[in-house]
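Engineer:
2 protein chains.
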Amino acid sequence: MKAKVLVTLKTGVLDPQGKAVQHALAALGFFGVNDVRQGKLIELDIDETDPAKARESVETMCRSLLANTVIENYTIDLAD
Amino acid sequence: MKAKVLVTLKTGVLDPQGKAVQHALAALGFFGVNDVRQGKLIELDIDETDPAKARESVETMCRSLLANTVIENYTIDLAD
């Protein structure tokens, strides 16, 4: 089973990487870009085939390694 | 309009960051993780309100800055 984890910074947390991208876009002539936030995408291929168990397992992975829950949110998408 | 860009490494391109995550998960006792690939999520807030024009603009941003199309693929999701 495949799991897609999106890790994003919480609202209010500064995102210097996103700001750098925003400035680079402006320097390249892309105007009208009000905000850029950069996050992480983590694609997992796991053995577990039961969706409920897989989600629970990936949740635990997120809380213990993949995301820093103090400053980051995560969402989990499961696909066969 | 909000645009979500997912940048992933093309199949066959080595992903040392993903491998590091995979090994860290194994070290934490998560078994049954066959593969991990890490990519980038870039969230843009743009002025353009026409979906077709917004997609075209974000496509150009991807090709010129956000993704390295030699080794990376990108997908664009638009939301109001």
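Sequences listed follow chains A and B, in order. Residue numbers for the first sequence follow the working numbering, beginning at -9 and rising by one. Residue numbers for the second sequence follow the working numbering, beginning at -9 and rising by one. Virtual Cβ for every residue (Gly too), placed ideally from N, Cα, C. Owing to the predicted nature of the structure, the values given are computational and were not obtained by experimental measurement.
For E38 (chain A), I'd like the list of residues in its chain whose CB is within less than 8 angstroms of its CB, leaving aside the five on either flank, ordered along the chain.
Structural biologist: Here residue 38 (chain A) refers to the residue found at position 48 when the first sequence is read from its first residue. Taken in chain order, the residues that qualify are M(-9), A44, S47.
Engineer: Could you check if K30 (chain B) is buried or exposed, using at least 16 other CB atoms within 10 Å of its CB as the buried criterion?
Structural biologist: Start at 1 with the first residue of the second sequence, and residue 30 (chain B) comes out as number 40. The residue in question, K30 (chain B), is buried, as its Cβ has 16 or more Cβ neighbours within 10 Å.
Engineer: Which residues, in chain order, does the segment 2 to 21 of chain B contribute to contact with chain A at a C-beta distance below 9 angstroms?
Structural biologist: So the close ones are G8, V11, Q12, A14, L15, L18, F20, F21.
Engineer: Determine the DSSP secondary structure at A10 (chain A), reduced to helix, strand or coil.
Structural biologist: For this step, residue 10 (chain A) is matched to residue 20 along the first sequence. A10 (chain A) falls in the helix class under three-state DSSP.
Engineer: E38 (chain B) by DSSP, collapsed to three states: which one?
Structural biologist: Working through the second sequence from its first residue, we reach residue 38 (chain B) at position 48. Coil, per DSSP.
Engineer: Given a threshold of 16 other Cβ atoms within 10 Å of its Cβ, counted over all protein chains shown, does R27 (chain B) qualify as buried or as exposed?
Structural biologist: By one-based count along the second sequence, residue 27 (chain B) stands at place 37. Buried, because 16 or more other Cβ atoms sit within 10 Å of the Cβ of R27 (chain B).
Engineer: I want to verify the contact list: residues of chain B whose CB lies under 9 angstroms from the CB of T(-2) (chain A), in sequence order.
Structural biologist: Against the first sequence, residue -2 (chain A) aligns to sequence position 8. Correct list: L31, E33.
Engineer: Could you compute how far the alpha carbon of G22 (chain B) sits from the alpha carbon of I36 (chain A)?
Structural biologist: By one-based count along the second sequence, residue 22 (chain B) stands at place 32. By one-based count along the first sequence, residue 36 (chain A) stands at place 46. Spanning the two alpha carbons is a distance of roughly 6 angstroms.
Engineer: Which residue's Cα is closest to the Cα of T1 (chain A): B:E33, B:A14, B:D5, B:Q7?
Structural biologist: As a position in the first sequence, residue 1 (chain A) is number 11, starting the count at 1. Nearest option by C-alpha distance: B:E33.
Engineer: Looking at the unbroken beta strand (DSSP E) that takes in T1 (chain A), where does it start and where does it end?
Structural biologist: Numbered from 1 along the first sequence, position 11 holds the residue referred to as residue 1 (chain A). No beta strand (DSSP E) contains T1 (chain A), which DSSP labels as neither H nor E.
Engineer: Taking H13 (chain A) as the reference, give the member of B:L56, B:P6, B:Y64, B:H13 with the closest Cα.
Structural biologist: The residue you call residue 13 (chain A) lines up with position 23 of the first sequence. Measuring from the Cα of H13 (chain A), the nearest candidate turns out to be B:L56.
Engineer: Between V(-3) (chain B) and E62 (chain B), is the Cβ-Cβ spacing less than 8 angstroms?
Structural biologist: If you number the second sequence from 1, residue -3 (chain B) lands on position 7. If you number the second sequence from 1, residue 62 (chain B) lands on position 72. Against a cut-off of 8 angstroms, the Cβ pair of E62 (chain B) and V(-3) (chain B) comes out as a contact.
Engineer: Where do the ends of the beta strand (DSSP E) carrying A57 (chain A) lie?
Structural biologist: The residue you call residue 57 (chain A) lines up with position 67 of the first sequence. Element bounds for A57 (chain A): n/a, residue is neither H nor E.
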